[in-house]
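Residue numbers (our numbering), protein chains in the order written: chain A, 1 to 134; chain B, 135 to 274.
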C-alpha cells in the first residue's frame, strides 16, 4: 500500500495553481475540466512525481453547503490545518529561494533534534513544515 | 538559530540568486561567466558551490530548465520550431536531440501523445479522477 493522492483544500484554485507551480515549483499532473465551474487539479512535488496533491476548492456543491464553506474558509484562513511535511536536500537554499519568491514563512530554519525545520504557509493559509532531516 | 545566523548565509543568498537568474533568463544567451561575476565568485568556485547545492552544474541546470519550459510550451500547442528558439536553443537539431535524450521521446512524438491525452481527457474526464472524489463532488 502506498499514498498516491492527498487532498489540500484551497480557497481559490487559480491562485493555488500559481502558488504551487510558480512559487513552490510543483508540476501540474492533471488539470481536467469538470463542467463550467469545476476542475480536477493535481500537482506533484518536483522530486516525487508519483504523489498527486489535489488542490480542491472550498466551494458550495454536493460536498460542502454554504455553512460548511464559511466554516472551512475561516479555519483555513486562520491556519488551522497543517497538511504535511516537505523534506528537501538543502533547507537553507530552499528557504532562500521560496522567500525570494514571496512565500510567507511562519518560522525560519532552526535546528531541531531531528534536523532543521522551517514553517511556511500556502496562499490559502494551510501551513507546511519544510525540513532537512539529519 | 534565526535565518540571518545560519552558516554561510550570504553564500546561500548569492547562489540562490544565480539560480533564480537562470530561471528568469533561460530564453536568453546566458554566459556562465556573467552569472559567476554577478554572484561575486570565480567561475570554478561558483560551479562547485552550485553543484553542491543543486546536484547539477549551472549549465546542466540551465538545460533542464529549458527542456522543462519546452515541455510546457509544447503542451500549450506552440509549434516545435518556435519552442526551440523560445527556450533559448540556437538550432532545432540540438534542441530535438537534447529533448529526446532527457524526455525519452522526440518533441514531435511528445506533441502527438499530449494531443491524444487531451482528447481522451475531453471525451472521458471521469477516467482521470479517482471515483471517490468524483462521487463526493457530484460529478458521477
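Glycine residues also receive a C-beta, built at the ideal position from the N, C-alpha and C atoms.
Review point. Residues bridged to residue 52 of chain A by DSSP?
Key: Locating residue 52 of chain A in the first chain gives position 52, where the first residue counts as 1. A:5, per the DSSP bridge assignment.
Review point. What's the gap between the Cα of residue 244 of chain B and the Cα of residue 208 of chain B?
Key: Taking the first residue of the second chain as position 1, residue 244 of chain B is located at position 110. Taking the first residue of the second chain as position 1, residue 208 of chain B is located at position 74. Roughly 8 Å between the two C-alpha positions.
Review point. If you measure from the beta carbon of residue 154 of chain B to each beta carbon in chain A, is any gap under 9 Å?
Key: Residue mapping note: residue 154 of chain B aligns to position 20 of the second chain, counting from 1. Closer than 9 Å: yes.
Practice item. Leaving aside the five residues before and after residue 118 of chain A along the sequence, list all residues of the same chain whose C-beta is less than 7 Å from its C-beta, in chain order. Key: What you label residue 118 of chain A is simply residue 118 of the first chain in a count that begins at 1. If we look at residue 118 of chain A and ignore the five residues flanking it on each side, its Cβ neighbours are 91, 95, 105, 107, 108, 109 and 130.
Practice item. For the stretch 164-242 of chain B, list the alpha helix (DSSP H) runs that are entirely contained and at least 4 residues long, ordered along the chain. Key: 166-172, 177-188, 192-209, 214-220 and 226-237
Exercise for review: Quick one: give me the first and last residue of the beta strand (DSSP E) that residue 42 of chain A is part of.
Suggested key: Your numbering for residue 42 of chain A matches position 42 in the first chain. From DSSP, the beta strand (DSSP E) with residue 42 of chain A extends over 39-44.
Check your understanding: Can you tell me whether DSSP reads residue 136 of chain A as helix, strand or coil?
Key -> Here chain A comprises residues numbered 1 to 134, so residue 136 of chain A is not present and cannot be evaluated.
Practice item. Report back the beta-carbon spacing between residue 27 of chain A and residue 44 of chain A to the nearest angstrom; my notes put them in contact at under 8 Å. Key: Taking the first chain and counting its residues from 1, the one referred to as residue 27 of chain A is at position 27. Taking the first chain and counting its residues from 1, the one referred to as residue 44 of chain A is at position 44. Confirmed, about 5 Å.
Exercise for review: Helix, strand or coil for residue 153 of chain B, going by three-state DSSP, please let me know.
Suggested key: Here residue 153 of chain B refers to the residue found at position 19 when the second chain is read from its first residue. Note: residue 153 of chain B maps to helix in three-state DSSP.
Point to revise | residue 100 of chain A: contacting residues in chain B (beta-carbon distance under 7 Å) | key: Here residue 100 of chain A refers to the residue found at position 100 of the first chain. The answer, in chain order, is 150 and 154.
Review point. Who are the neighbours of residue 259 of chain B on chain A, taking C-beta pairs under 8 Å?
Key: Within the second chain, numbered from 1, the residue matching residue 259 of chain B stands at position 125. The answer, in chain order, is 32, 33, 34 and 40.
Check your understanding: Along chain A, in chain order, which residues have C-beta atoms closer than 9 Å to that of residue 192 of chain B?
Key -> Counting from 1 along the second chain, the entry for residue 192 of chain B is found at position 58. Those do not exist, as residue 192 of chain B stays about 14 Å from chain A at its closest Cβ, beyond 9 Å.
Review point. Helix, strand or coil: how does DSSP classify residue 66 of chain A here?
Key: If you number the first chain from 1, residue 66 of chain A lands on position 66. Reduced to three states, the DSSP call for residue 66 of chain A is helix.
**Study point:** Inside the stretch 79-133 of chain A only - alpha helix (DSSP H) runs reaching at least 4 residues
**Key:** 91-100
Exercise for review: Inspect the beta-carbon positions of residue 152 of chain B and residue 221 of chain B and report whether they are closer than 9 Å.
Suggested key: Taking the first residue of the second chain as 1, we reach residue 152 of chain B at position 18. Taking the first residue of the second chain as 1, we reach residue 221 of chain B at position 87. No.
Review point. Can you tell me the Cα-Cα spacing of residue 61 of chain A and residue 270 of chain B, whole angstroms?
Key: Residue mapping note: residue 61 of chain A aligns to position 61 of the first chain, counting from 1. Residue mapping note: residue 270 of chain B aligns to position 136 of the second chain, counting from 1. Roughly 9 Å separates the two Cα atoms.
Practice item. With residue 265 of chain B as the anchor, note down where its alpha helix (DSSP H) starts and where it stops. Key: By one-based count along the second chain, residue 265 of chain B stands at place 131. 265-270 is the span of the alpha helix (DSSP H), which, as asked, contains residue 265 of chain B.
Review point. How long is the line joining the alpha carbons of residue 224 of chain B and residue 156 of chain B, rounded to whole angstroms?
Key: For the purposes of this step, residue 224 of chain B is taken as the residue at position 90 of the second chain. For the purposes of this step, residue 156 of chain B is taken as the residue at position 22 of the second chain. When rounded, the distance between both Cα atoms is 17 Å.
Review point. What separation, rounded to the nearest whole angstrom, lies between the Cα atoms of residue 66 of chain A and residue 57 of chain A?
Key: Counted from its first residue, the first chain places residue 66 of chain A at position 66. Counted from its first residue, the first chain places residue 57 of chain A at position 57. Cα to Cα, the separation comes out at about 13 Å.
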